[in-house]
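Colleague: Take any residue in the sequence shown, count from 1 to its spot, add 365: that is its number in the working numbering. Even glycine gets a Cβ: it sits at the ideal position worked out from N, Cα and C.
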Amino acid sequence: MFKNLRTSTKLLLLCAAFVGAIALATYGLIKEKLIAIEFASKELVGAQYLQAMRGVYAVILAAAADGSPVVTSQQSADVALDALAAAEVATGGALGTAELAQALTAAVRALPSAATGDKRAAIVDALTKARDLASRVGDESKLTLDPELDSYYMQNILVKRMPELLADMGELQSLMQVAPIEEDLRVRGQLLDGMVHSIVEEIERDAAAASRGNRDGRLEASIGPAIGAMRPPVDSYLQAADASLSGKQNGTALVQTFQAAVNSVDQATIASQAELTRLLDKRLRNLLGNLYGSLLLNGVVAGLSLLFAALTYRQVVRPLGQLEGLADKVRETKDYGLRIDLDRTDEIGRLASAFNAMLEELAAAREREIADEARNAAMQAELARVARLTTMGEMAASIAHEINQPLASIVNNANAALRWLARQPPNFEEAEAALRRIANDGERGSRIIGSIRAMVKKGDRGRTKVSLNDLIEDVVRLTHSEFQRHGISLRSALADDLPSVMADRVQLQQVMLNLLMNAAEATLPVYDRARLVSVRSGEHDGRTALVEVEDSGTGIEPENAQRIFDAFFTTKAEGMGMGLSICRSIIESHGGRIVLLKGEPHGSVFQVILPTDSA
Ligand code: ADP
366 MFKNLRTSTK LLLLCAAFVG AIALATYGLI KEKLIAIEFA SKELVGAQYL
416 QAMRGVYAVI LAAAADGSPV VTSQQSADVA LDALAAAEVA TGGALGTAEL
466 AQALTAAVRA LPSAATGDKR AAIVDALTKA RDLASRVGDE SKLTLDPELD
516 SYYMQNILVK RMPELLADMG ELQSLMQVAP IEEDLRVRGQ LLDGMVHSIV
566 EEIERDAAAA SRGNRDGRLE ASIGPAIGAM RPPVDSYLQA ADASLSGKQN
616 GTALVQTFQA AVNSVDQATI ASQAELTRLL DKRLRNLLGN LYGSLLLNGV
666 VAGLSLLFAA LTYRQVVRPL GQLEGLADKV RETKDYGLRI DLDRTDEIGR
716 LASAFNAMLE ELAAAREREI ADEARNAAMQ AELARVARLT TMGEMAASIA
766 HEINQPLASI VNNANAALRW LARQPPNFEE AEAALRRIAN DGERGSRIIG
816 SIRAMVKKGD RGRTKVSLND LIEDVVRLTH SEFQRHGISL RSALADDLPS
866 VMADRVQLQQ VMLNLLMNAA EATLPVYDRA RLVSVRSGEH DGRTALVEVE
916 DSGTGIEPEN AQRIFDAFFT TKAEGMGMGL SICRSIIESH GGRIVLLKGE
966 PHGSVFQVIL PTDSA
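#1: Can A591 and Q632 be called in contact, C-beta distance under 7 Å?
#2: Grouping DSSP H, G and I as helix and E and B as strand, with all else coil, what is T919?
#3: Flag L945 as yes when its Cβ comes closer than 6 Å to any non-hydrogen atom of the ligand ADP, and as no otherwise.
#4: Counting only the same chain and skipping the five closest in sequence on each side, list residues whose C-beta sits under 8 Å from that of G920.
#5: F623 to T634, Cα distance in whole Å?
#6: What's the C-alpha gap between K823 and A773?
#7: Between V682 and L724, how many whole angstroms is the CB-CB distance? I'm expecting something under 8 Å.
#8: Between which residues of its own chain and V561 is the CB-CB distance below 7 Å, once the five residues before and five after are set aside?
#9: Does the ligand ADP have even one heavy atom less than 6 Å from the beta-carbon of K937?
#10: What residues are listed by DSSP as bridge partners for A910?
#11: The ligand ADP heavy atoms versus the CB of S969: any closer than 6 Å?
#12: From S406 to L653, what does the alpha carbon distance come to, in whole angstroms?
#13: The alpha helix (DSSP H) with I837 in it runs from where to where?
#14: Do you know offhand how far V914's Cα is from S950's?
#15: Would you say the beta carbon of A932 comes nearer than 6 Å to a heavy atom of the ligand ADP?
#16: Excluding the five sequence neighbours on either side, which residues of its own chain have a C-beta within less than 7 Å of the C-beta of S637, listed in chain order?
#17: Looking at the structure shown, is K823 part of a helix, part of a strand, or coil, going by DSSP?
#18: Distance, Cα to Cα, L409 vs V502?
#19: Evaluate contact between the segment 387-396 and the segment 455-471, counting only Cβ atoms and requiring at least three cross-stretch pairs below 8 Å.
#20: Rank D861, E712, L727, D515 by C-alpha distance to the C-alpha of D581 and give the top, closest one.
#21: Can you tell me where the alpha helix (DSSP H) holding S478 begins and where it ends?
#22: So, is H845 buried or exposed, given that buried needs 16 or more other C-beta atoms within 10 angstroms?
#23: Starting from I402, trace the alpha helix (DSSP H) both ways and give me its first and last residue.
#24: Quickly, what does DSSP pair S854 with across the bridge? List them, please.
#25: Mapping DSSP to helix, strand and coil, what is V543?
#26: By a C-beta neighbour count over all protein chains shown, 10 Å radius and 16 as the cutoff for buried, is D711 buried or exposed?
#27: For P434, does the three-state DSSP call read helix, strand or coil?
#28: In angstroms with no decimal places, state the Cα-to-Cα distance between R704 and G714.
#29: Label D825 either buried or exposed according to how many other C-beta atoms from any shown protein chain fall within 10 Å of its C-beta, with 16 as the threshold for buried.
#30: Since T829 sits in a beta bridge, which residues does DSSP pair it with?
#31: State the start and end residues of the unbroken beta strand (DSSP E) segment that holds R958.
#32: Helix, strand or coil for S969 per DSSP?
#33: In its own chain, which residues sit with a C-beta less than 6 Å from the C-beta of A858, not counting the 5 before and 5 after it?
#34: Taking 6 Å as the cut-off, is the CB of M877 close to at least one heavy atom of the ligand COA?
#35: Using the C-alpha atoms, what's the distance from S979 back to P923?
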């Protein structure tokens, strides 16, 4: 089915398939990029949520700093919790953090009202809830699945390490508010002391790993100082805490070092959050840039493809249509002078040239055909004239009859005139009338003879060199349709280099025509075998040429074989019996002879032997 479609339709299908493939690839690309963009955007939402938690930590840690029940103003707590609520709203519930945020809010609100004895527990509870919330934010915003090394370690610091550090520091500090410190609390305090120390180290390691994985090399500069600045105050605080745990340190120094340590952690957090946001922003920008770039590239490729398709249409489909139109026009008008004008050297151009050359060839062939037709017409006319000659015998018979009449009339009238003159007295009037009739009859006879002369006059022309093969081929061509009509096969086997003969071409044509037509007629009653006529030519004995006409027809009865060359011998109802007789006179007048042989196994063979030109 496809092969029968028009080329323009095929081209259209090709374009549609190509544009479809590009659209599909573009769709896949957009989808893939959008997933990555959505991923990074969600991480950004998480990072912003973590930023909003900073204020809440500040409130809790301020409460942990010393033993006073209200360590920070209600106003700053409200601001921090409002910021948290706003961050929660901003997520649109996408992170599933609403419950944890509420629990944290409740815990923070409960801090001022906590009894002095429960204060430590309230602070630890608030810090635990803050840590849980940070952890949930990290998981749900996919921050913890971050695919890049630098941002992965940055989120690890913010989602895991900082909340742990602040929780442990807050618990340690609140623990030391209890007085007197019991033994198990002391042990817990020392444990927390060690944990704070190791978390700071882990943060430093994470920061170093993030710097190593950072491609633009800006991370080290932006977080290094703040992270590095964290250790001295934290170490001072831990020393103060150690001293306090062993009862050597006063409370004021502890609170101051705690605040300094918390401050430094806060600064490191601020720097880390800024860096994480920068990295995520940058990744988003890159992804969007890549997406637009790819879209542009695909658009350009699709545009180029359509342009090529349009060019192909112009360069291939249109010229093909022109060729088709021209072919149709030539078929309708038979005007072989039409041409297509395509000045190109590619296949289409060559096709057009070949088409033009073919039209030229057709025009030339048509001219040859017209010339052939004219030649054939001339030959037919000539043959018709000869055919008239062949009826000469017939005419001779009727002439004999016609001439016989005036002669008989002359004799009768002469006798009558003699009788009128022999009368006594002689009747001159009647005698004169009889003589006038004699004169008329004589004139009639002379007119008849004159007309015979005029008819055969053309046969007197001179002889020329005649190629027997050409002559045979001409006659075969002439009889071709007649043979075909009766289902008779005609085979010719003509010898090369057959010497020519000096002959009257028209008379020899007449002989060949007669022999071929007789042979054809002889095969007509045959139904049980092939109707076959063969013509052969060849040299006979070095001085003569031989032409044989053989047929698979009825053959000739032996008793008739002697008579067939006689004038008026015929076995045909409509026959004249003059053909073979004239053939023989023509051949003999050329110094040749014509012979009949029996065909094997059927039919007859007529041999014509003529002296050659060189003889
Ligand atoms: P016509 O064809 O008018 O009879 P022809 O002189 O050409 O006059 O032929 C005389 C007769 O010779 C034919 O009537 C036919 O009986 C016989 N004859 C001629 N050619 C053949 C042939 N090839 N096969 C059989 N008989 C033939």
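Modeller: According to the structure data:
#1: In this structure, Q632 lies closer than 7 Å to A591 by Cβ.
#2: In the structure shown, T919 adopts coil according to DSSP, grouped into three states.
#3: Indeed, a heavy atom of the ligand ADP lies less than 6 Å from the Cβ.
#4: So the list reads A887, K963, G964, H967, G968, S969, once near-sequence residues are dropped.
#5: Spanning the two alpha carbons is a distance of roughly 16 Å.
#6: Note that K823 scores a pLDDT of 47, beneath 50, so its modelled location is shaky; the value from the coordinates is reported in the next line. Within the model, the alpha-carbon separation for K823 versus A773 is close to 31 Å.
#7: Wrong, their Cβ atoms sit about 22 Å apart, outside the cutoff.
#8: Excluding sequence neighbours, V561 sits near L530, D533, M534, L537, V599, L603.
#9: Using a cutoff of 6 Å, the CB of K937 counts as near the ligand ADP, since one of the ligand's heavy atoms is closer than that.
#10: Assignment of beta-bridge partners to A910 by DSSP yields E904, L975.
#11: Taking 6 Å as the cut-off, one finds at least one heavy atom of the ligand ADP near enough to the beta carbon of S969.
#12: L653 has its alpha-carbon roughly 11 Å from the corresponding atom of S406.
#13: Taken as a continuous stretch (DSSP letters only), the alpha helix (DSSP H) holding I837 covers 833-850.
#14: Take the alpha-carbon of V914 and the one of S950: they are about 18 Å apart.
#15: No, since every heavy atom of the ligand ADP falls outside the 6 Å radius drawn around the Cβ of A932.
#16: Excluding positions up to five away in sequence, the list reads M519, I522, L523, I588.
#17: The predicted position of K823 is uncertain, since its pLDDT is 47 and thus under 50; a value taken from the coordinates is nonetheless stated next. Helix at K823.
#18: L409 and V502 have their C-alpha atoms some 11 Å from each other.
#19: Result no; under three Cβ-Cβ pairs closer than 8 Å.
#20: Its Cα nearest to that of D581, the residue D515 stands out among D861, E712, L727, D515.
#21: Where S478 is concerned, the enclosing alpha helix (DSSP H) stretches over 463-478.
#22: That one is exposed.
#23: Run containing I402: 372-430, per the alpha helix (DSSP H) assignment.
#24: Paired residue(s): L897.
#25: Three-state result, V543: coil.
#26: Result: exposed.
#27: Interpretation of P434 is limited by its pLDDT of 46, a score under 50 that renders its predicted location unreliable; no figure is taken from the coordinates.
#28: Within the model, the alpha-carbon separation for R704 versus G714 is close to 13 Å.
#29: Summary for D825: the model assigns pLDDT 43, below 50, so the residue's position carries little reliability; its value from the coordinates is reported in the next sentence. It is exposed - the Cβ of D825 has fewer than 16 other Cβ atoms within 10 Å.
#30: Partner residues in the beta bridge of T829, as assigned by DSSP, are A868.
#31: Segment 958-963, the beta strand (DSSP E) holding R958.
#32: Strand at S969.
#33: The answer, listed in chain order, is R901.
#34: The ligand content of the structure shown is limited to the ligand ADP, which means the ligand COA is not among them.
#35: Between P923 and S979, the C-alpha separation is close to 36 Å.
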